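Inspection log for the structure reproduced underneath, given as structure tokens.
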Amino acid sequence: MGEVRCICDCACELGEGIFWDRQRRRLFWFDILRRRLLSCGADGGGFAEAALARRGSAAAVGGDGDFVVAADNGWGRYNPEQNCFYDWRPIEGEPPAHRTNDGRADPHGAFWFGTMRLDGADSAAGSIYRVSPDGELKKTITGVSIPNAIAFSPDGGLMYWTDSPKRIIWRCELSPAGEPGAREVFVSLAGKPQVPDGAVVDAEGFLWCAEWDGWRVVRYDPDGGVARVVRLPVARPTCPALGGEGLDTVFVSSARNGISAAQLKGQPLAGGVFAFAVSPG
């Protein structure tokens with residue numbers, strides 16, 4: 002565990018959607034259930050948090066520096082300096098009992114995010130949406146219970162995603178217009194206790210996936226083989242992000258949701274944010 006350090010002991014109930022803002026040189030992430038947006042520097046310094054009017058889950062930095070954000074059962078823009086949502090758009094057809102979950106921008110400038118039931122039921126009632134660079138929303142994948150691991154190859158030609166209860170990470174070709182092709186199994190964790198959660202692809206095309214109840218983040222090679230396993234001091238890592246000045250650090254959010262008080266004694270840093278080097282060096 003020596004390669005891993007906790008840079009922020011923030012006790013998130015459900016830390017998610019972590020991303021690096023190059024312009025601000027800050028790391029941002031959400032505590033979904035507590036409606037918080039948290040941030041800090043690459044070393045954990047300058048920690049700040051904002052109480053949100055909406056249940057944010059994922060975001061990407063837009064061309065003007067404001068964020069494109071998925072929250073509640075809609076999406077819109079958010080200014081982090083003013084802590085203000087604007088240009089808000091509820092998703093037509095999404096029930097009030099749904100919320101957004103995992104999301105990420107692709108290399109073409111589109112923002113993708115998923116929806117799910119608030120109670121997390123394995124219901125196949127959620128979907129994955131794409132927001133084009135000009136702001137057009139399109140439903141791309143349906144029949145999803147808990148969408149996660151939305152990630153893209155460096156050239157934008159491949160998309161990864163999972164429906165966490167199924168414990169399978171899928172991969173499909175992605176057209177320049179943002180149309181997913183036929184999916185194939187990239188990694189299967191069927192029959193195992195760990196669950197694939199958030200993911201990100203590095204510059205070499207390897208996919209890093211946080212494994213809920215797995216106490217680890219795994220780096221998979223382009224063929225789906227295990228290239229590296231990084232053990233964490235918490236059971237429920239949720240989402241990795243690449244960041245730091247040289248994009249040479251993996252940051253990982255985590256959760257304490259569903260962990261009993263007795264279990265927390267064995268993982269007091271649950272809900273914190275962790276960091277380790279992309280290359281073990």
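First residue of the sequence shown: 2, per the numbering used here; consecutive thereafter.
Just so it is clear, CB atoms sit at the ideal spot from N, CA and C, and this is done for glycine as well.
None of these values were measured; they are calculated from a predicted model.
I'd like to check one pair, residue j with residue i: are the Cβ atoms closer than 8 Å?
| i | j | result |
| --- | --- | --- |
| Ile-147 | Trp-162 | no |
| Ala-256 | Leu-39 | no |
| Trp-216 | Arg-229 | no |
| His-99 | Arg-78 | no |
| Asp-198 | Thr-239 | yes |
| Ile-92 | Gly-45 | no |
| Phe-275 | Val-5 | yes |
| Pro-234 | Gln-264 | no |
| Leu-53 | Arg-25 | no |
| Glu-174 | Leu-159 | yes |
| Pro-241 | Trp-209 | yes |
| Leu-28 | Ala-51 | no |
| Val-227 | Phe-153 | no |
| Gly-104 | Ala-59 | yes |
| Glu-157 | Pro-223 | Residue identity differs from the one stated: residue 157 is Gly in this sequence, not Glu. Their beta carbons are not under 8 Å apart, which means Gly-157 does not touch Pro-223 by this criterion. |
| Pro-97 | Asn-74 | yes |
| Gly-273 | Asp-10 | yes |
| Leu-190 | Arg-172 | no |
| Asp-123 | Pro-166 | yes |
| Val-70 | Gly-57 | yes |
Where do the ends of the beta strand (DSSP E) carrying residue i lie?
| i | result |
| --- | --- |
| Lys-139 | 138-145 |
| Asp-198 | 196-202 |
| Phe-20 | 16-22 |
| Cys-9 | 6-9 |
| Val-279 | Neither: Val-279 is in no beta strand (DSSP E) and is coded neither H nor E. |
| Ala-271 | Per DSSP, Ala-271 belongs to no beta strand (DSSP E) and is neither H nor E. |
For a test of the three-state rule: what should DSSP assign to residue i, helix, strand or coil?
| i | result |
| --- | --- |
| Arg-35 | helix |
| Ser-1 | Residue 1 lies beyond the range of the chain shown here (2 to 282); nothing can be said about it. |
| Ser-165 | helix |
| Glu-205 | coil |
| Cys-13 | coil |
| Gly-57 | strand |
| Arg-27 | strand |
Using DSSP's beta-bridge definition, name the partner residues of residue i.
| i | result |
| --- | --- |
| Gly-64 | Paired residue(s): none; Gly-64 is not in a bridge. |
| Leu-175 | Pro-181 |
| Pro-148 | Asp-164 |
| Ser-189 | Ile-169 |
| Ala-52 | Arg-37 |
Taking CB distances under 8 Å as the criterion, tell me whether residue i reaches chain C.
| i | result |
| --- | --- |
| Trp-89 | This model lacks chain C altogether, as it is built from one protein chain only. |
### Query
Along the chain, which unbroken stretches of the beta strand (DSSP E) at least 3 residues long are found entirely within the segment 207-268?
Taking only runs of at least 3 residues, the beta strand (DSSP E) segments lying wholly in the segment 207-268 are 208-213, 217-221, 227-232, 238-244, 250-255.
### Message
Restricting to runs no shorter than 3 residues, where is the beta strand (DSSP E) found entirely within the segment 66-129?
### Response
DSSP runs (the beta strand (DSSP E)) wholly in the segment 66-129: 68-72, 75-80, 85-91, 99-106, 112-118.
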